[in-house]
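Residue numbers (this note's numbering): 940 to 1184.
Positions of the beta carbon are idealized from the N, C-alpha and C atoms, including for glycine.
See below for the structure under consideration.
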Ligand SMILES: [Zn+2]
């Protein structure tokens, strides 16, 4: 098995006795078995990569994070959340939530923001894929709501690597659309540099509005050769953020 080389990983310890730790890992481009242009740690089965290579990379991630199965998404830039009890591919959602230990939840991205969310008692976790459309679709809010309905109290978020605003200039129509569709405090954060969108800053503003602390994994996807970037390379793989109870 060719291991992935994660860009960052950690363990969130329970805040009170009786809780369970949550493990998370942010993957990058290095390690894995995929060939160019998906080299090497591509985790997406919808980008044209060899399915056997993607499966091998998934197995390497499972072994790394200590789970038998992964639940992952074919994300659609919407606001819907799937609550899952089993591994597999979930279509038409941009977020997954589970209360089941032993399943790795995986959000994929290559410029958009992948996030992991963990209840501090380890009772419920979630992962989210959020781009500028996801800010308008309130996908982070919906995920947090679903987690709180399942008993989450204090939640910690891990914000994975994404594209920085310098590398993400957009036309004025796009800026206007974000200003129109996204709630004002989130839009202010996402649009703080004229002519570009800072999606991660928008996500962090949304987390703050929900009273959620965050850890941020450094790195711009477009500037780092150790990360996949759709904007830079078009035909390329996806990294991700994986979490498990
Ligand atoms: Zn950049």
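Chain-order list of residues whose beta-carbon lies under 6 angstroms from that of residue i (same chain, five-residue window excluded)
i, result
"residue 1161", "1102, 1106, 1168, 1170, 1171"
"residue 1091", "1058, 1063"
"residue 1018", "1076, 1077, 1078, 1081"
"residue 1154", "1097"
"residue 1195", "No answer is possible for residue 1195: the residues shown for the chain start at 940 and end at 1184."
"residue 950", "960, 962"
Residues near residue i by beta carbon distance below 7 angstroms, same chain, minus five either side
i, result
"residue 1177", "981, 982, 983, 986, 1047, 1048, 1049, 1167"
"residue 1184", "959, 961, 1040, 1061, 1064"
"residue 1007", "1001, 1041"
"residue 952", "960"
"residue 1126", "1117, 1118"
"residue 1130", "1114, 1117, 1118, 1136"
"residue 1015", "1031, 1033"
heavy atom of ligand 1 below 8 angstroms from residue i C-beta
i, result
"residue 1106", "yes"
"residue 1162", "yes"
"residue 1102", "yes"
"residue 1159", "yes"
Rounded C-alpha distance that separates residue i from residue j
i, j, result
"residue 994", "residue 973", "10 angstroms"
"residue 1039", "residue 1077", "24 angstroms"
"residue 1082", "residue 1020", "6 angstroms"
"residue 1051", "residue 946", "16 angstroms"
"residue 1118", "residue 958", "41 angstroms"
"residue 967", "residue 991", "19 angstroms"
"residue 1010", "residue 1023", "8 angstroms"
"residue 1053", "residue 1029", "16 angstroms"
"residue 1084", "residue 1072", "19 angstroms"
"residue 1032", "residue 1043", "16 angstroms"
"residue 1146", "residue 1089", "18 angstroms"
"residue 1174", "residue 1109", "20 angstroms"
"residue 1111", "residue 1158", "26 angstroms"
"residue 1086", "residue 1036", "7 angstroms"
"residue 1005", "residue 1134", "43 angstroms"
"residue 1056", "residue 976", "30 angstroms"
"residue 1093", "residue 1148", "14 angstroms"
Cβ neighbours of residue i in the same chain (closer than 8 angstroms, five flanking residues each side left out)
i, result
"residue 924", "Any property of residue 924 remains undetermined from this structure, which presents the chain solely from 940 to 1184."
"residue 1128", "1137, 1140, 1141, 1143, 1144"
Extent of the continuous alpha helix (DSSP H) to which residue i belongs
i, result
"residue 948", "Residue 948 -> not in any alpha helix (DSSP H); beta strand (DSSP E) instead, spanning 947 to 951."
"residue 1079", "1078 to 1088"
Endpoints, the beta strand (DSSP E) within which residue i is located
i, result
"residue 1181", "1178 to 1183"
"residue 1152", "1152 to 1155"
"residue 1069", "1064 to 1069"
"residue 1094", "1094 to 1098"
Runs of 3 residues minimum, wholly inside the region 991 to 1059: which ones carry the beta strand (DSSP E) assignment? 1008 to 1013, 1020 to 1022, 1027 to 1030, 1034 to 1037, 1042 to 1048, 1052 to 1058
For the region 954 to 992, which segments carrying the beta strand (DSSP E) assignment without a break, of at least 3 residues, lie completely within its bounds, in sequence order? 961 to 965
Runs of alpha helix (DSSP H) lying entirely within the region 1112 to 1181, each at least 4 residues, in chain order: 1123 to 1129, 1138 to 1148, 1169 to 1172
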